[in-house]
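See below for the structure under consideration.
Numbering (the working numbering), first residue to last: 31 to 169.
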């Protein structure tokens with residue numbers, strides 16, 4: 031896709047610090063890492079959101095993400111990883127990508143990157159759960 035920096039990286043036209051190239055995708059260092067060793071995993075095909083990833087590609091793509099997460103932890107001596115994906119909102123590059131961020135105890139990152147909230151009560155929580163369940167059921 032013309033103009034997509036991640037497509038350029040996949041094609042080899044844009045330089046990147048590559049971690050792995052596989053049929054399922056390419057992984058490379060984020061140029062603006064949360065912590066050093068922060069890796070982005072992208073599918074080779076230009077897709078914008080997770081919903082665009084064909085069902086048949088899910089196992090391969092997330093298998094690659096899993097392998098990268100294990101390698102980030104073991105290769106960097108991290109205590110764990112934070113694995114995340116944005117779809118449209120806060121997606122700085124409109125190409126599906128998964129962040130694999132190395133974590134260590136006391137690194138200063140508190141849970142998610144945004145403020146947390148609470149449901150007013152169980153009825154409100156139940157209402158949200160029912161709306162998502164209805165969408166899953168096609169209703």
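A virtual CB, placed ideally from N, CA and C, is assigned to each residue, including glycine. For clarity, every value in this text was computed on a predicted model and none was experimentally measured.
Paired residues, beta bridge with residue i - DSSP
| i | result |
| --- | --- |
| residue 58 | 48, 70 |
Enclosing alpha helix (DSSP H) for residue i [first to last residue]
| i | result |
| --- | --- |
| residue 65 | No alpha helix (DSSP H) contains residue 65, which DSSP labels as neither H nor E. |
| residue 38 | 35 to 41 |
Top-ranked residue by Cα proximity to residue i, from the options
| i | options | result |
| --- | --- | --- |
| residue 65 | 49, 139, 53, 86 | 139 |
| residue 136 | 149, 110, 117 | 110 |
| residue 123 | 70, 53, 45 | 70 |
| residue 58 | 98, 157, 125, 103 | 98 |
| residue 60 | 78, 102, 32, 75 | 102 |
| residue 130 | 168, 120, 96, 155 | 96 |
| residue 14 | 117, 160, 42, 105 | Because residue 14 is not part of the residues shown, which for the chain are 31 to 169, the question remains open. |
| residue 90 | 41, 54, 120 | 54 |
Within 8 Å, strictly: CB atoms of residue i and residue j
| i | j | result |
| --- | --- | --- |
| residue 52 | residue 80 | no |
| residue 39 | residue 50 | no |
| residue 108 | residue 128 | no |
| residue 76 | residue 34 | yes |
| residue 87 | residue 73 | yes |
| residue 36 | residue 125 | yes |
Would you list, in sequence order, the uninterrupted beta strand (DSSP E) runs of no fewer than 3 residues that lie entirely inside the segment 105 to 164? 110 to 114, 128 to 133
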